[in-house]
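Student: Just dropping this structure here.
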Amino acid sequence: MAELQDIPRLLNEFGTMAKDYMVQETVGAARKLGRFTGFSVGAGLLWAFAVLLLSVAGLRALVDALPDSPYWEALGYFLFALLLIVFMAIIARVVPNHRIPPPSEEGSP
């Protein structure tokens, strides 16, 4: 059993330990989440930039492959816009849809 003189020291240790635990479980986790979010946003921006540059390159290649005429150039732009729409639809279909299922009613009293 603790002596009466040890109680302030024990309370101080408890306060320090509780504070360190709260910092570990909240601030530490928030830092990890922030780092993960930063890398995810950065990766998303890089992918978007890559798709943009590849789209411009593909459009220029298609327009250069067609004969020189304003009508052929317009057809190239139209076809490439159509191809991008089809590509986005395929990507939207392929990407998995992660939905969180609602909680089951089994565990409730």
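If you count by my numbering, then the sequence shown holds residues 6 to 114, one letter each, in order.
Every residue gets a Cβ at the ideal spot worked out from N, C-alpha and C, and that includes glycine.
Please state whether DSSP places P72 in a helix, a strand or coil.
Tutor: Of the three classes helix, strand and coil, the one that applies to P72 here is coil, per DSSP.
Student: When DSSP labels each residue in this structure, what does R104 get in the three-state scheme?
Tutor: DSSP places R104 in coil when its eight states are reduced to three.
Student: Helix, strand or coil for E8, going by three-state DSSP, please let me know.
Tutor: Reduced to three states, the DSSP call for E8 is coil.
Student: Since I believe L84 is in contact with L67 (beta carbons under 8 Å), could you give me their beta-carbon distance rounded to a whole number of angstroms?
Tutor: With 8 Å as the limit, L67 and L84 qualify as a contact, their Cβ atoms being about 7 Å apart.
Student: Report the rounded CA-to-CA distance for F54 versus V61, giving the unit in angstroms.
Tutor: Straight-line Cα distance between these residues: approximately 11 Å.
Student: Determine the contact status of L71 and G81, defining contact as a CB-CB distance below 8 Å.
Tutor: The answer is yes: Cβ separation under 8 Å.
Student: Could you name each continuous alpha helix (DSSP H) segment of 4 residues or more that falls completely within the region 32 to 80, going from the start of the chain to the end?
Tutor: For the region 32 to 80, whole alpha helix (DSSP H) runs of length 4 or above, ordered along the chain, are 33 to 70.
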